[in-house]
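Q: FYI, the numbering for the sequence shown is 89 to 162, going by the working numbering.
Shown below is the structure under consideration.
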Amino acid sequence: MPAKIYPSAEERILEIWDYSKEQWGEKQTNAYVSELVAEIERVAGQRHRWRPFLDDELTGGYFFSLSASLHLLS
89 MPAKIYPSAE ERILEIWDYS KEQWGEKQTN AYVSELVAEI ERVAGQRHRW RPFLDDELTG
149 GYFFSLSASL HLLS
């Protein structure tokens, strides 16, 4: 199943890209964001890896882990 990346998540990915570019440069940023989007696509078909938010303010979304970091899908 292909991932549906909502506008709010797209906005966050762009924020990640902007921040990462300032910190590590465009080449590293492109590699990181490409890996992040590829993992979102992989996880979309692996529902057993999805975890619901436990915070009442973050309803309707899920998170998954990629390496040692935490990523959110909303």
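Just so it is clear, CB atoms sit at the ideal spot from N, CA and C, and this is done for glycine as well.
Every value quoted in this text rests on a predicted model; they were computed, and no experiment measured them.
1) Using the rule of at least 16 other Cβ atoms within 10 Å of the residue's Cβ for burial, across every protein chain shown, is V131 buried or exposed?
2) For K92, which of R139, I128 and A119 has the nearest alpha-carbon?
3) Nearest CA to the CA of W105: which residue from S96, P95 and N118?
4) Just to confirm my understanding: we take I101, look at its own chain, exclude 5 residues before and 5 after, and list those with CB closer than 8 Å. What are they?
A: Reading from the atomic positions:
1) Sequence index remark: in the sequence shown, residue 131 carries index 43 (1-based). So V131 ends up on the buried side.
2) Start at 1 with the first residue of the sequence shown, and residue 92 comes out as number 4. The candidate whose alpha carbon is nearest that of K92 is I128.
3) In the sequence shown, the residue the question calls residue 105 occupies position 17. Considering only alpha carbons, the answer is N118.
4) Mapped onto the sequence shown, residue 101 falls at position 13. I93, V121, L124 and V125.
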